[in-house]
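Engineer:
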Amino acid sequence: MDARWVLHLDMDAFFASVEQLTRPTLRGRPVLVGGLGGRGVVAGASYESRVFGARSAMPMHQARRLVGAAAVVLPPRGVVYGVASRRVFETVRTFVPVLEQLSYDEAFGEPVELAGASAADVAAFCRALKAKVLEETGLIASVGAGSGKQVAKIASDLAKPDGIKVVTRAEEREVLDRLPVRRLWGIGPVAEEKLHRLGIETIGALAALSDAEAANILGGTIGPALHRLAQGIDERPVAENAPAKQISAESTFPEDLTTLDQLREASGPIGEHAHKRLQKDGRGARTVTVKLKKSDMSILTRSATLPYATDDAATLIATARRLLLDPMEIGPIRLVGVGFSGLSDVQQESLFPDLELTTEEDTVSDAGLPPTVTDLAATPPAWRVGDDVSHTEHGHGWIQGAGHGVMTVRFETRGTGPGVARTFPDDTPDVSRANPVDSLDWPDYVSELSRHQSSAEESETRRP
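When you line the sequence shown up against the working numbering, it's residues 45 to 508, in that order.
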């Protein structure tokens with residue numbers, strides 16, 4: 045009997061699994077979710093694609109080459125993942141009221157009723173939890189359990205896919221010792237290289253060091269902490285994360301930026317970094333803020349607010365770029381920051397991102413420069429594979445193929461099962477863009493979620 049049991053729940057191949065859930069034709073097929081451009085990166089890979097060697101964070105062109113012609117490549121639909129994540133963890137909270145949610149798809153919990161429970165009882169609890177998540181959402185989770193966060197996280201990794209792994213105190217050394225040292229929380233590439241140079245390649249080898257040796261190798265603060273984790277000593281509490289009010293990233297440049305083209309190029313990676321943090325947070329943003337620090341150390345900030353919250357990278361980064369000011373007019377720029385605020389669980393995909401900039405303001409203005417807004421395109425973007433659409437007769441569907449003046453639409457949602465595909469001229473008036481959330485086919489849940497969010501926003505507005 046162990047006194048403490050921490051659980052780690054991790055949704056299996058979450059982004060790809062949500063695509064397969066809402067687009068039933070894709071079930072059993074190798075799905076890759078991520079950027080479609082030349083620099084695109086895989087955000088999610090189904091288990092059917094992982095058997096070919098594809099994985100998250102891999103360049104998309106490499107993953108497509110590994111999987112071959114069978115690969116189904118789709119752009120991310122953050123709004124859908126956000127709603128699915130919300131329902132998953134609302135379901136989990138009916139079993140485990142206090143959760144430390146790390147991202148869209150994983151969280152820690154420490155159920156009070158499991159204190160002192162046997163491994164068999166913990167396994168039964170995990171089975172019931174997994175079954176409830178599957179029943180409510182149609183999505184599969186893997187669950188790990190151990191004496192602390194570290195062991196629980198490793199256990200859930202070992203349980204994948206669609207499994208449960210309970211590691212007792214008596215089993216910890218056997219489980220931990222043989223794993224690569226990189227599997228330990230807090231060991232990055234630099235620390236791994238330091239340890240490898242000394243012949244320390246497993247968690248067991250790190251655990252065998254003394255505290256003084258660990259401190260000498262990894263630093264006086266982090267070394268002993270990692271050494272304790274390697275020994276299975278992890279007393280960190282499970283606690284709710286306070287939601288961030290703003291998510292941002294910034295960078296100082298070795299040489300000042302002096303042209304608008306330089307500024308636009310530099311803002312892209314900074315916006316992408318902030319966007320990755322936003323994705324991990326699991327919410328969308330309504331307001332985009334750009335911070336510009338000039339060579340004289342004065343700071344300009346400009347912001348724009350969208351009609352609704354989104355985590356669509358193209359919309360948010362394009363908005364940030366529209367807020368930039370020309371260094372030829374305001375002076376050289378030494379630092380650029382991109383921030384997202386007005387964070388919300390209820391999001392909507394951008395349908396016409398170039399048409400949606402509603403307000404813009406300078407919070408600090410040098411030389412009285414007026415806001416500059418690029419002329420907005422009058423025509424919506426062309427259809428692309430993965431777009432959600434609605435047909436006047438056939439209902440909700442998604443673009444399975446487009447080009448040469450036609451588009452093929454697969455009409456299906458989570459609730460319909462595999463649907464039929466039909467081809468139309470790409471300018472047919474019967475097809476219009478649709479809210480991607482409708483593909484989840486959870487009308488009652490989404491309606492309640494929207495009402496809850498509206499009430500929360502109204503309360504926030506009324507605060508003195």
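Where a beta carbon is used, it is the ideal one built from N, C-alpha and C, also for glycine.
In the DSSP assignment, find the unbroken alpha helix (DSSP H) run with residue 318 in it and report its ends.
Structural biologist: In the sequence shown, residue 318 corresponds to position 274, counting from 1. Unbroken alpha helix (DSSP H) run through residue 318: 304-325.
Engineer: By the 10 Å Cβ neighbour count, where 16 or more other Cβ atoms means buried, how is residue 419 classified, buried or exposed?
Structural biologist: Against the sequence shown, residue 419 aligns to sequence position 375. Below a pLDDT of 50, predicted positions are generally treated as unreliable, and residue 419, at 28, falls in that range; no measurement from the model is reported.
Engineer: What's the C-alpha gap between residue 143 and residue 136?
Structural biologist: Here residue 143 corresponds to residue number 99 of the sequence shown, with the count starting at 1. Here residue 136 corresponds to residue number 92 of the sequence shown, with the count starting at 1. Each residue's Cα considered, the two are about 8 Å apart.
Engineer: Exposed or buried, which one is residue 229 when buried takes at least 16 other CB atoms within 10 Å?
Structural biologist: Sequence index remark: in the sequence shown, residue 229 carries index 185 (1-based). Exposed.
Engineer: Taking just the CA atoms, how far does residue 113 sit from residue 107?
Structural biologist: The residue you call residue 107 lines up with position 63 of the sequence shown. The residue you call residue 113 lines up with position 69 of the sequence shown. Residue 107 and residue 113: Cα-Cα distance of roughly 11 Å.
Engineer: What do you get for residue 457, buried or exposed, if any count of 16 or more other CB atoms within 10 angstroms of its CB means buried?
Structural biologist: One-based indexing of the sequence shown puts residue 457 at position 413. Burial call: buried.
Engineer: So residue 165 packs on residue 186, CB below 8 Å; how close in whole Å?
Structural biologist: As a first step, residue 165 is located in the sequence shown; it is residue number 121 there, counting from the start. As a first step, residue 186 is located in the sequence shown; it is residue number 142 there, counting from the start. Their Cβ separation, rounded to whole angstroms, is 19 Å, which puts residue 165 and residue 186 out of contact at 8 Å.
Engineer: Secondary structure at residue 174, three-state DSSP: helix, strand or coil?
Structural biologist: Taking the first residue of the sequence shown as position 1, residue 174 is located at position 130. Here residue 174 sits in helix by DSSP.
Engineer: On the DSSP letters alone, give me the boundaries of the alpha helix (DSSP H) that residue 201 sits inside.
Structural biologist: Sequence index remark: in the sequence shown, residue 201 carries index 157 (1-based). Note, residue 201: alpha helix (DSSP H), 193-203.
Engineer: Quick one, are the C-beta atoms of residue 210 and residue 235 less than 8 Å apart?
Structural biologist: Looking up residue 210 in the sequence shown gives position 166. Looking up residue 235 in the sequence shown gives position 191. In this structure, residue 235 does not lie closer than 8 Å to residue 210 by Cβ.
Engineer: Assuming residue 213 and residue 248 form a contact by the criterion Cβ under 8 Å, report the distance between their Cβ atoms to the nearest whole angstrom.
Structural biologist: Your numbering for residue 213 matches position 169 in the sequence shown. Your numbering for residue 248 matches position 204 in the sequence shown. The Cβ separation is near 16 Å, so there is no contact.
Engineer: Considering only residues of the same chain and omitting the five flanking positions on each side of residue 145, which have a CB-CB separation below 7 Å?
Structural biologist: Mapped onto the sequence shown, residue 145 falls at position 101. Excluding positions up to five away in sequence, the list reads 133, 151, 285.
Engineer: Under 8 Å by Cβ, that's how I've got residue 100 and residue 86 pegged, so tell me the actual separation to the nearest angstrom.
Structural biologist: The count along the sequence shown starts at 1 and reaches residue 100 at position 56. The count along the sequence shown starts at 1 and reaches residue 86 at position 42. Beta-carbon to beta-carbon, residue 100 and residue 86 are separated by about 5 Å, close enough to satisfy the 8 Å threshold.
Engineer: Residues in its own chain within less than 8 Å of residue 310 by CB, not counting five upstream and five downstream?
Structural biologist: Here residue 310 corresponds to residue number 266 of the sequence shown, with the count starting at 1. Cβ neighbours of residue 310 beyond the five flanking positions: 295, 297, 301, 380.
Engineer: Since residue 80 is in the alpha helix (DSSP H), which residue starts that stretch and which ends it?
Structural biologist: Looking up residue 80 in the sequence shown gives position 36. Neither: residue 80 is in no alpha helix (DSSP H) and is coded neither H nor E.
Engineer: May I ask you to verify whether the segment 331-348 touches the segment 364-371, counting CB pairs closer than 8 Å and requiring at least 3?
Structural biologist: yes
Engineer: Using C-beta distances below 7 Å, list every residue in its chain close to residue 72, excluding the 5 sequence neighbours before and after it, in chain order.
Structural biologist: Working through the sequence shown from its first residue, we reach residue 72 at position 28. The beta carbon of residue 72 sits closer than 7 Å to those of 92, all from its chain and outside the five residues before and after it, given in chain order.
Engineer: For residue 243, count the other beta carbons within 10 Å of its own beta carbon; 16 or more makes it buried, fewer makes it exposed. Which is it?
Structural biologist: Start at 1 with the first residue of the sequence shown, and residue 243 comes out as number 199. Residue 243 comes out exposed.
Engineer: Using the three-state DSSP reduction, which class does residue 125 fall into: helix, strand or coil?
Structural biologist: Counting from one through the sequence shown, the residue named residue 125 turns up at place 81. Residue 125 falls in the helix class under three-state DSSP.
Engineer: How is residue 159 classed by DSSP in three states: helix, strand or coil?
Structural biologist: By 1-based counting over the sequence shown, the position of residue 159 is 115. DSSP places residue 159 in coil when its eight states are reduced to three.
Engineer: Output needed for residue 204: all residues of its chain with C-beta closer than 8 Å, excluding positions within five of it in sequence on either side, in chain order.
Structural biologist: Locating residue 204 in the sequence shown gives position 160, where the first residue counts as 1. Contacts found: 54, 56, 186.
Engineer: Look up residue 187 in the DSSP assignment and say whether it is helix, strand or coil.
Structural biologist: Position 143 of the sequence shown, counted from the first residue, corresponds to residue 187. Strand at residue 187.
Engineer: Mind reading off the beta-carbon distance from residue 191 to residue 255? Whole number of angstroms is fine, and I expect it under 8 Å.
Structural biologist: As a first step, residue 191 must be located in the sequence shown, where it is residue number 147. As a first step, residue 255 must be located in the sequence shown, where it is residue number 211. Residue 191 to residue 255, Cβ: 20 Å. No contact.
Engineer: How would you call residue 396, buried or exposed, if buried means at least 16 neighbouring beta carbons within 10 angstroms?
Structural biologist: Counted from its first residue, the sequence shown places residue 396 at position 352. Summary for residue 396: the model assigns pLDDT 37, below 50, so the residue's position carries little reliability; its value from the coordinates is reported in the next sentence. With fewer than 16 Cβ atoms within 10 Å of its Cβ, residue 396 is classed as exposed.
Engineer: For the beta strand (DSSP E) containing residue 381, name the first residue and the last one.
Structural biologist: If you number the sequence shown from 1, residue 381 lands on position 337. Its beta strand (DSSP E) spans residues 377-385.
Engineer: Could you give the residue range of the alpha helix (DSSP H) that holds residue 274?
Structural biologist: What you label residue 274 is simply residue 230 of the sequence shown in a count that begins at 1. Counting along the chain, the alpha helix (DSSP H) containing residue 274 begins and ends at 266-274.
Engineer: Which of the three DSSP states is assigned to residue 50 in this structure?
Structural biologist: Looking up residue 50 in the sequence shown gives position 6. Here residue 50 sits in strand by DSSP.
Engineer: Taking its Cβ as the centre, do 16 or more other Cβ atoms sit within 10 Å of residue 174, making it buried, or is it exposed?
Structural biologist: Start at 1 with the first residue of the sequence shown, and residue 174 comes out as number 130. Under this definition residue 174 is a buried residue.
Engineer: Less than 8 Å separating the beta-carbons of residue 387 and residue 293?
Structural biologist: For the purposes of this step, residue 387 is identified with residue 343 of the sequence shown, where counting begins at 1. For the purposes of this step, residue 293 is identified with residue 249 of the sequence shown, where counting begins at 1. In this structure, residue 293 does not lie closer than 8 Å to residue 387 by Cβ.
Engineer: Of all the beta strand (DSSP E) runs that stay within the bounds of the segment 414-475, which reach a length of 3 or more residues?
Structural biologist: Fully enclosed beta strand (DSSP E) runs of 3 or longer: 432-435, 439-447, 450-455, 464-469.
Engineer: Provide the residue(s) that pair with residue 332 in DSSP beta bridges, ordered along the chain.
Structural biologist: In the sequence shown, counting from the first residue as 1, residue 332 sits at position 288. DSSP output for residue 332 lists 348, 384 as bridge partner(s).
Engineer: Buried or exposed: where does residue 281 fall if 16 or more other Cβ atoms within 10 Å of its Cβ makes it buried?
Structural biologist: Numbered from 1 along the sequence shown, position 237 holds the residue referred to as residue 281. So residue 281 counts as exposed.
Engineer: According to DSSP, what are the bridge partners of residue 147?
Structural biologist: For the purposes of this step, residue 147 is taken as the residue at position 103 of the sequence shown. DSSP, once it has assigned bridges, lists 150 as partnering residue 147.
Engineer: Measuring alpha carbon to alpha carbon, tell me which of 338, 78, 169 ends up nearest residue 155.
Structural biologist: Numbered from its first residue, the sequence shown carries residue 155 at position 111. If we check each option's Cα against that of residue 155, 169 comes out closest.
Engineer: Sort 453, 377, 340, 319 by Cα distance to residue 360 and report the nearest one.
Structural biologist: Mapped onto the sequence shown, residue 360 falls at position 316. Nearest option by C-alpha distance: 319.
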